[in-house]
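S.K.: One structure is given below, represented as structure tokens, and several questions about it will come after.
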Amino acid sequence: MWQATYLFDWAFLLPLLPALSFVIVGLLGPRLKRLEHGGWVAVGFGFATMVIGVWIAVEEMLSSGGYTDQQYTWFSIPGNGTGTFPNGFSLVVGTLVDPISALMLIVVTVVGFLVLLYSIGYMHHDGGLPRYYAELSLFLAAMNGLVLSDNLLEFFLFWELVGVCSYFLIGFYYEKPSAASAAKEAFLVTRVGDILFLLGIFVYFATYATSGSAGGWAANGFPFVQGNQPFLAGAMGGHSTTLTIAGLLILGGAAGKSAQFPLHVWLPDAMEGPTTVSALIHAATMVAAGVYLLAVASLFLGFTPADQLAIVAIGGFTSFFAATMALVNTDIKRVIAYSTISQLGYMVLAVGAGFAMVGLYHLFTHAFFKALLFLAAGSVIHAVGTQDLFKMGGLGKSMRITGFAFLVGGLSLSGIVPFAGFWSKDDLLASVYGTLATHPVYWPFFLMALATVFLTAYYIFRAFFLAFSGPASRDPTLPTAHEASWVMTGPLLALSGLAMGAGLLPFIPAFASLLPGAGIPPHYGLSELALSGISLGLAAGGIGLAYSLWGNGKVYTAAPNSALGPVRALLLRRYYFKDAYDAIGLRGLYGLSRAADFVERYMIDGTVHGLERAFGGLSNRLRHIESGVVLDYAAFLVSGLLFLLLFLLVIAPWLVSTGGI
Amino acid sequence: MFPALSFLLLTLLVGTVLTFLSGRWARWVALGSSMLFLLEVSGLLSGFSWPGVSASGVPQYAYAESYPWISLPWLHISYTVGVDGISLPLLLLTAILQLVTVLYSFDERRQPAAYFGLVLLTCLGCAGVFLALDVLLFFLFWELVLIPMFFLIGYWGGLRRRYAALKFFVYTHVGSIVMLVALLVTAFYSHAPSFDFAGMYVPAQALGVTTQALLFAAMLFGFGIKFPIVPFHTWLPDAHVEAPTGGSVLLAGLLLKLGGYGLIRWGLELLPTGLVHDQPLLYAVAFASIIWGSVIALAQRDLKRLVAYSSINHMGIVLLAIAVDSNLGLLAAVLLMFAHGVVSALLFMVSGSMHHTFGSRDIATVHGITPRTPVLSTMMMVGALASLGLPALISFPAEFSALLATWDRLGYWVLVPLLLLVVTAAFYLWMMQRVLFGPTEGVPETARDLPWPEALAMSMLVALTVLYGILPGLLTNVIIHSPVYGLP
Amino acid sequence: MSDPITTASFLGLSGALLGIGLFGILTRRNFILLLIAIEIAINAAVLNFVYFAAFASTPASGLNGQSAAVVLVGLAATEIAVGLAIVLALNRLRGSINVTEATSLRL
Amino acid sequence: MSPEGLAFLALGAVAVITALAALLVRELVHTIMWIASFFVALSGLYFLLQASFLGVLQLGVYAGAVTILLLFGIMVTRRRIFSREAATGLSLTSLFLALLVIVLLAAVASDLAGASNSTTIHSYAVVDLSSALFGPYGGWLLLLGLVMLSALSGAIYLVREGRE
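Chains as they are written, first to last, in the numbering used here: chain A, 566 to 1226; chain B, 12 to 499; chain C, 150 to 256; chain D, 315 to 478.
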């Protein structure tokens, strides 16, 4: 008989199995030619991970909101009864299975497995496959670890690890300078966020260590749960300024990982990696970790109203800001990447407005339809060998499954009923709308989010029509497209199913227990229905505009001197953010560094060399005292004697008399 | 009780002498001696139990031995050795680095007997510094380290080796003189009954605030040159760049640690009040080192120079961790010294291998080496990632603890080292982008991947990096057995 | 007039002799005169030993002084021998025994 | 005033005058005469202090051997040396230095005035001295012998023929 807690105790397998796969594939991959250079090993481990992950999630649903925590001490200092840590200090790692981590487990393991399977077909012709599968396995391990973290420190640890996996995978085609540069950029920009996050951990830590109950945080690291209760927000009640700062720092970390304004620049460039990587890491899982962090923080740590406003502002603005940049882009993957930023903005907005669970709901559905969009795009790229939308066209006929998948993904993203995206986005907008009465300051950000609905529908269908509609491809040199093998279409179909159905899952009470909080399952009153109507209308309008401009193989070209020209240029230059960051990094920091190097060489070392020369010159002069004449030496001798006598007879008595000694 | 530490030093000495004498078999003798050393230290670790602080408040040491050496009515110098949780990990580091250095340089052709002998002598000196608990004995070993390193740089070094060797010698010697004076003044001024640590412990702590502050500042200068602290650091890049790879490894891995160890053992433990009084100075120096090392590293083209400057940055964090004067900070300081010893050794080996594989360490001319030399590239990647503080690698727990301790004392000032972590990441990532990735350029046709001794040596360091990164408890459980943690 | 044999007078005498010796050492350039000046200075010192030996607190300690004086006399004689050998060598090498001309000690 | 006191004054005056004269006279040969007188005067002082052995030693070694040696040295270098101290003579600085030494030593001496109240002069039999020299001071004597031996060989080395 299976105990409900039985598999929870084995949750540590979730990070461990892919880690094992990492070691096996990394070491033996080059020898496993028949197994797709270890690809099938990774898929096998991925499958096992998915089975365990989903199993645990189902058990969690059935246990209705229980927490299971397993802790292992990482390292500790015993207390000495004094100082800042009188009870000592121990840092733990652990696996915490709670409702939201179970939800994340479904996303990570399912999408992870499907992407691994898809990679067998997609990556088949690439070199360096052992590296690819090893790194992807490591990523899965780290992501599972992150999801299961039971304290902030462990969270940070895996947070960095997924970051470095992302770095490697973005730079997978490292011979391309652009890929190498994009990888570095992604690491550095998220690193800025990581630093803020780390400082946020410190702030929480110190505040709790001084205000929390004895033996609390200081003794146990940084746990999310104390018993089965979210606890910290209450414990930190009296420190609102500090809490605000900590919340903003956490927001900084999340903004780095989830590519929120102003740390959004890296995500579009991260599309230099393989499309599978974009689907898994830069759409479904890792970038969502920032939202997950915010959700966790809002539940266990608590945000002050000022924090909430900042989060809402960042989220709402980012969703609109990123969507505008997607309007004009010609690269199929980058369009989807901007939409990812935009959708993550939605989630952040929801968490900030106080609906963490609604944010996670959207995260859940978004993971599936965005992974689907990326994999469909990957299928297209695999078939035609280009990412330029303006070279494609007419692919709907030759690639029916892919076209269908992209359409499902696009409809879901646009929020057309009854696809997954509709339910979560609608719930999200309705929830935020509900807060406007008490927080009128959220209005502009709500309106931005609403406008984004229109933009989203427009740009994703622009991409859809450009790629799939029309008679034939615009660039005749492209190869004839055809559908790939089942390893690629299988995951597409599976994800299509999820992108259609996942939105309805919270209406099942057992599943809804994974999202315990306001707004789940969605409630449909009069105002919500009206709002749904508005957003559906906006989405339909967007699709219609896209069809009228780009449908049936048309290519819209604006009048040469219209006002759209400069706007288009501004959008294509991404509002000059990347240029500004490059300037800061290259001219600013590097220039400073060169200046410092100059100071080092010519001033610090120059001083030393100057001293050396000064002493050298002095000794050159002094050596002439050594005349070689014996009588001179005798004179020195006598002078010494005289000095001693003078000291004994005159100076010493004088010193004694004045009390100097 | 068996005199384990004296036996250790004796076997080291015998090994060194035999290496000097054994001509073309020197490398095997050196290897055997290094393995024996590591074995002995492992034995010490497994049998380590710290006797704690005595009833009279004087710290005691494991494996302690004490014999009078010079005994005059006014001067008691003894041969006193012993270990606690601070010195034992560093002793382990010495043993590890000696072994990997010998392994790495296994194919040294120029005067191998002298080379390996000097390497062993350097390690003997370092081991002695970590073991010695008497001022004069400490100073003896401290100076002993200087001489073989001088010759290693001066004979086996690069083009500007004479300049570098002399600069190294003059700088560190000035430092040791000031250090010696400070130690002697501490001993005499406090009327300590003897020169050994236990004898000085209580009287030195009873010194007045001003005296302690002045003495601690002097020790900061003396030990700080070894650290090195800005602005007395310029010997380090030159010495590292010109030294042979084995010399760089020992220099970064061990010699810098001597400064940190000395400052904890003889500075912080003897003059705690002085440290507290000098904290503003310490913070200033530490921040300066952190900022300067990191910012300048960004402009370097020579990989060795880059790693050298990043060492200044890391040792600045060590100094900061010592300066905050909390049990967490000291734990972090020792852990970080160990971590930096392993990681910088790895990075200097990578630089050395890069030099003799491609004939250049210039990161502006050698590009895209990964397809040609995958093993070297992997090592470089692990080294760089470990150095920029990636979790699951050895530096992370150390840096995390150090920064947490800093936050605990200094609040938002911790932003300084935190933000510089970004710069550290920047120069390593930039270096990797240029050297490892992109199209292959500047790689001679004859370039081959690592020979086995170098690959083996680096693999050992990588394994350690991962092992202690995942299980830092292996080290921290040893480190906490020291009086500075105020344990019962 | 009191007895002139006092510590002060003997010390004054030997001090004066030492001063004369030093004066000679510093001013004379003839090597032989230099040697003579040195002898005067040494004899001033020996005089001290003998004086304090004579007025020592115990006879045994007086013997110390006389023994030292004997050794000193011997040393002084030795010094003269070596000094004269140097004079001869210098004379042969340089044709002069002017000490200010023998400057090869210089760097 | 006791006869010893008178003798002391006389011998002291002779010693100072002869020492000065030895250094100041022009003729080198006269110098030898003056320095011999100086040695004799000192020998007299030793006898006055009842150190008869030392007195004899002074006469033998200094007034005898050393004087002869010096004379010998002058004779050997005679041809080439200036017979007079031709150079500057008094250097004012040196004179000042020497005088300062004298003054300071005199100051020390006056500090010690009356330090010794003992008027009994110890006199020793030569036997006592010799048993001290060959007893507790045997090591010193041996050392002296070694020094003399090495000085002897050194002197021979210095003056040997064929050395350029």
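Every residue gets a Cβ at the ideal spot worked out from N, C-alpha and C, and that includes glycine.
Of all the options V192(B), L218(B), A350(B) and V220(B), which has the alpha carbon lying nearest to the alpha carbon of L103(B)?
M.R.: Selected option, being the one with the closest Cα: A350(B).
S.K.: What residues in its chain sit with their C-beta under 6 Å from that of A75(B), if we drop five residues either side in the sequence?
M.R.: Within the same chain, A75(B) has close Cβ partners G93.
S.K.: Kindly list the residues whose CB is nearer than 7 Å to the CB of L682(A), restricted to its own chain and excluding five residues on each side of it in sequence; keep chain order.
M.R.: Hits under 7 Å: V608, V1052, G1055 and P1056.
S.K.: Here's the rule: buried if 16 or more other CB atoms are within 10 angstroms of the residue's CB, otherwise exposed. What is D1144(A)?
M.R.: With fewer than 16 Cβ atoms within 10 Å of its Cβ, D1144(A) is classed as exposed.
S.K.: Express the C-alpha separation of V146(B) and T775(A) in angstroms, rounding to a whole number.
M.R.: For T775(A), the predicted structure reports a pLDDT of 47, less than 50, and the residue's modelled location is therefore unreliable. The matter cannot be settled from this model.
S.K.: Compare the C-beta of H344(D) against all C-beta atoms of chain C and say whether one is closer than 8 Å.
M.R.: Not one chain C Cβ lies under 8 Å of H344(D).
S.K.: When burial is assigned at 16 or more other CB atoms within 10 Å of the CB, is E253(B) buried or exposed?
M.R.: E253(B) should be labelled buried.
S.K.: Where in the segment 214-289 of chain B do unbroken runs of the alpha helix (DSSP H), each at least 4 residues long, occur, reported from the N-terminal end onward?
M.R.: List check, alpha helix (DSSP H) in window: 220-237, 246-253, 256-261, 267-273 and 283-288.
S.K.: Between the segment 415-426 of chain D and chain A, which residues of the former have CB atoms less than 9 Å from a CB of the latter, in chain order?
M.R.: Of all residues in the segment 415-426 of chain D, V415, L418, L419, A421, V422 and D425 have a Cβ within less than 9 Å of some Cβ in chain A.
S.K.: Pop quiz: L314(B) and V329(B) are said to be a contact at Cβ under 8 Å. What is the actual Cβ separation, rounded to whole angstroms?
M.R.: Not a contact, Cβ separation roughly 22 Å.
S.K.: Which same chain residues end up closer than 6 Å to S397(D) when comparing Cβ atoms and leaving out the 5 residues on each side of it in sequence?
M.R.: A caution first: S397(D) carries a pLDDT of 48, below 50, which makes its placement in the model unreliable, though a value can still be read off. Excluding positions up to five away in sequence, the list reads L342.
S.K.: Determine the burial state of F1117(A): buried for a count of at least 16 other Cβ atoms within 10 Å of its Cβ, exposed for fewer.
M.R.: The question names Phe, but residue 1117(A) in the sequence shown is Asn. Exposed.
S.K.: Tell whether a beta-carbon distance below 8 Å holds between L513(B) and S412(B).
M.R.: Residue 513(B) is absent from the structure shown; chain B starts at 12 and stops at 499.
S.K.: Let's see if you can read the secondary structure: which residues bound the alpha helix (DSSP H) around V1221(A)?
M.R.: Where V1221(A) is concerned, the enclosing alpha helix (DSSP H) stretches over A1217 to T1223.
S.K.: Just checking: is the beta-carbon of E250(C) within a distance shorter than 8 Å of some beta-carbon in chain D?
M.R.: No, no contact with chain D.
S.K.: Quick one: which residues of the segment 1193-1208 of chain A get their C-beta closer than 8 Å to a C-beta of chain D? List them in chain order.
M.R.: Of all residues in the segment 1193-1208 of chain A, A1200, V1203, S1204, L1206 and L1207 have a Cβ within less than 8 Å of some Cβ in chain D.
S.K.: From G958(A) to F969(A), what distance separates their C-alpha atoms?
M.R.: Going by the C-alpha atoms only, they are around 15 Å apart.
S.K.: Let me see if you follow: with CB-CB separation under 8 Å, is M347(D) close to chain C or not?
M.R.: Cβ-Cβ to chain C under 8 Å: no for M347(D).
S.K.: Report yes or no: do the segment 446-458 of chain B and the segment 370-390 of chain B share at least 3 C-beta pairs separated by less than 8 Å?
M.R.: In short, these stretches touch, since the Cβ pair count reaches three.
S.K.: Reducing DSSP to helix, strand and coil, say where A143(B) ends up.
M.R.: A143(B) falls in the strand class under three-state DSSP.
S.K.: Can you pull the chain A residues whose beta carbon is under 7 Å from the beta carbon of L171(C), in chain order?
M.R.: Near L171(C) (Cβ distances below 7 Å), the residues of chain A are V1203.
S.K.: If you draw a straight line from the C-alpha of L368(D) to the C-alpha of S444(D), how long is it?
M.R.: Taking the straight line from one Cα to the other gives about 11 Å.
S.K.: Going by the DSSP bridge assignment, what does I181(C) pair with across the sheet?
M.R.: I181(C) is not bridged to any residue.
S.K.: Quick check: A403(B) and G484(B), are their CB atoms within less than 8 Å of each other?
M.R.: No, the Cβ-Cβ distance between A403(B) and G484(B) is not below 8 Å.
S.K.: Quick one: which chain B residues come within Cβ less than 7 Å of L749(A)?
M.R.: The sequence given here places Lys at residue 749(A); Leu does not occur at that position. Near K749(A) (Cβ distances below 7 Å), the residues of chain B are L440, W441 and Q444.
S.K.: Between L307(C) and chain A, is there a C-beta pair that is closer than 8 Å?
M.R.: Because chain C is modelled from 150 through 256, residue 307(C) falls outside the range shown and cannot be assessed.
S.K.: Three or more C-beta pairs under 8 Å: does that hold for the segment 736-746 of chain A against the segment 602-622 of chain A?
M.R.: The segment 736-746 of chain A vs the segment 602-622 of chain A: no contact.
S.K.: On the three-pair Cβ rule with 8 Å, is the segment 179-190 of chain B touching the segment 109-124 of chain B?
M.R.: Judged by Cβ distances under 8 Å, the segment 179-190 of chain B makes no contact with the segment 109-124 of chain B, as fewer than three pairs qualify.
S.K.: Are any of the Cβ atoms in chain A nearer than 8 Å to that of A324(D)?
M.R.: Chain A contact via Cβ: absent.
S.K.: DSSP on W85(B), reduced to helix/strand/coil?
M.R.: Coil at W85(B), not helix or strand.
S.K.: So what's A784(A) in DSSP terms, helix, strand or just coil?
M.R.: For A784(A), the predicted model reports a pLDDT of 40, less than 50, meaning its position is unreliable and no value from the coordinates is stated.
S.K.: Please state the DSSP three-state secondary structure of F509(A).
M.R.: In this structure chain A extends from 566 to 1226, so residue 509(A) is not present and cannot be described.
S.K.: Run the CB neighbour count on P159(B), radius 10 Å, all protein chains shown included, and call it buried at 16 or more, exposed below.
M.R.: P159(B) is buried by the Cβ-count criterion.
S.K.: In angstroms, rounded to a whole number, what distance separates the CA positions of S1092(A) and G1082(A)?
M.R.: Between S1092(A) and G1082(A), the C-alpha separation is close to 20 Å.
S.K.: Got a sec? Which residues, its chain only, sit under 7 Å from N785(A) by beta carbon, not counting five neighbours each side?
M.R.: Its pLDDT being 47, under 50, N785(A) is placed unreliably by the model, and the measurement read from it follows with that caveat. Cβ neighbours of N785(A) beyond the five flanking positions: S655 and V657.
S.K.: Taking all protein chains shown into account, decide if S316(D) is buried (16 or more other Cβ within 10 angstroms of its Cβ) or exposed.
M.R.: By the 10 Å Cβ count, S316(D) comes out exposed.
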